[in-house]
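Engineer:
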Amino acid sequence: MSNSQSQQKKKKRKILNKGPGLFPEIGKEAKDLLNKGYIKDDVFSISTRNSIGVVQSLTTVVKHGRHSTSNIVAGYKNATVDIKIDSKSQLSATFGFRGNLSPSTRTTFTLKLPDYSSSELKFQYFHENAALASSFALNRSPIVVISATIGNPRIAFGVEAEYKTTRSFTKYDAGIHVANSKCNASVILGNKGDLLKASCMHHFDQPMKIAVAGEISRRFSTKENTLTVGGSCEVDQRTTLKVKLNNHGKLNTLLLHRFRHKSSLSVSGEFDTKGIDKTPRIGLAVALIS
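Numbering-wise (this note's numbering), the sequence shown opens with residue 77 and increments by one.
(1) At the level of alpha carbons, what is the spacing between alanine 207 and threonine 304?
(2) Using the C-alpha atoms, what's the distance from threonine 186 back to phenylalanine 173?
(3) How far does the beta strand (DSSP E) with leucine 208 in it reach, from first residue to last?
(4) How far does the alpha helix (DSSP H) with lysine 107 in it reach, from first residue to last?
(5) Using 10 angstroms around the beta-carbon of arginine 182, count the other beta-carbons present and answer buried if the total reaches 16, otherwise exposed.
(6) For serine 194, which residues in the same chain have their Cβ closer than 7 Å to its Cβ, ignoring the five residues on either side in sequence?
(7) So what does serine 121 bridge to, in DSSP terms?
(8) Starting from arginine 295, trace the beta strand (DSSP E) both ways and give me its first and last residue.
(9) Taking 8 Å as the limit between beta carbons, can you name the residues of its chain near alanine 169, skipping five residues before and five after?
(10) Who are the Cβ neighbours of serine 297 in its own chain at under 7 Å, not counting the five residues just before and after it?
(11) Straight-line CA distance for threonine 241 to isoleucine 222?
(12) Counting Cβ pairs closer than 8 Å, one from the segment 103 to 121 and one from the segment 212 to 228, do we hit at least three?
(13) Please give me, in chain order, every unbroken run of the beta strand (DSSP E) with length at least 3 that falls completely inside the segment 143 to 203.
(14) Closer than 8 Å is the cut-off here; do at least three beta carbon pairs connect the segment 352 to 361 with the segment 108 to 117?
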């Protein structure tokens with residue numbers, strides 16, 4: 077890698093660390109703690125990287141009571157190819173390319189076949205006090221999504237709108253995010269003002285790296301409220317335990333164990349505390365990375 081390329085990467089990381097981030101990152105930490113890693117299917121994945129930098133991955137998902145799917149992904153530098161096939165022999169492919177016009181921009185083009193109408197072009201711009209993103213669906217009735225955030229890593233305000241050329245605006249959201257070294261909170265008003273979400277997350281000190289999060293949502297059209305609380309802790313350097321519960325009685329648990337290199341084994345369970353007679357759903361995921 078040349079010195080100019082190295083300096084560009086350092087400059088880009090500096091901008092990303094100082095800026096407020098994109099709109100989807102508002103409340104992302106709490107969302108990840110409450111949702112990321114929980115699975116209801118059986119997943120087996122193998123990933124390798126060779127000497128010339130080509131990344132290859134094979135992932136098979138067996139959905140309980142439904143058909144299975146397999147993904148074959150290959151990537152070289154900024155280009156990726158993702159081929160998916162299911163048990164009904166339905167084949168689809170996704171071709172992706174990511175480029176940087178400057179250290180503060182990122183452009184992504186995705187072509188999907190045979191459903192080419194799902195293809196899209198994304199452009200992202202990062203500044204120390206702002207971030208802008210836009211995406212264009214490449215079909216007969218293009219969908220344009222534009223989002224913008226202003227602020228810094230400690231406090232940020234953002235908006236996002238989706239415009240369909242045949243029906244004007246189909247979506248507009250707004251959110252605010254406040255954070256410090258141990259705690260962060262966010263409020264998002266979405267679905268054209270019909271859904272209000274508020275979340276908070278707190279990190280505790282060592283040695284177990286405990287984190288807790290809570291999210292409350294209110295859907296005004298149906299007057300439905302949902303409260304979800306959860307937490308995670310590192311049992312040891314290789315094992316993480318997560319749990320979450322909502323007011324509808326859904327209890328989810330996750331045990332993640334990392335072994336050789338970056339490989340991991342995770343076991344996830346979903347239980348209905350209000351229907352003990354119902355069969356729990358168990359998910360198993362194995363990831364082998366070399």
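For glycine and all other residues, C-beta sits at the position ideal for the given N, C-alpha and C.
Structural biologist: On the basis of the supplied data:
(1) 30 Å
(2) 7 Å
(3) 206 to 213
(4) 104 to 111
(5) buried
(6) Lys188
(7) In the DSSP assignment, the residues bridged to serine 121 are Thr135 and Ala363.
(8) 287 to 295
(9) Val157, Asp158, Ile159, Lys160, Lys188 and Leu189.
(10) Asp270
(11) Each residue's alpha carbon lies about 14 Å from the other.
(12) no
(13) 144 to 152, 155 to 162, 167 to 175, 181 to 189 and 196 to 203
(14) Output reads yes: the segment 108 to 117 touches the segment 352 to 361.
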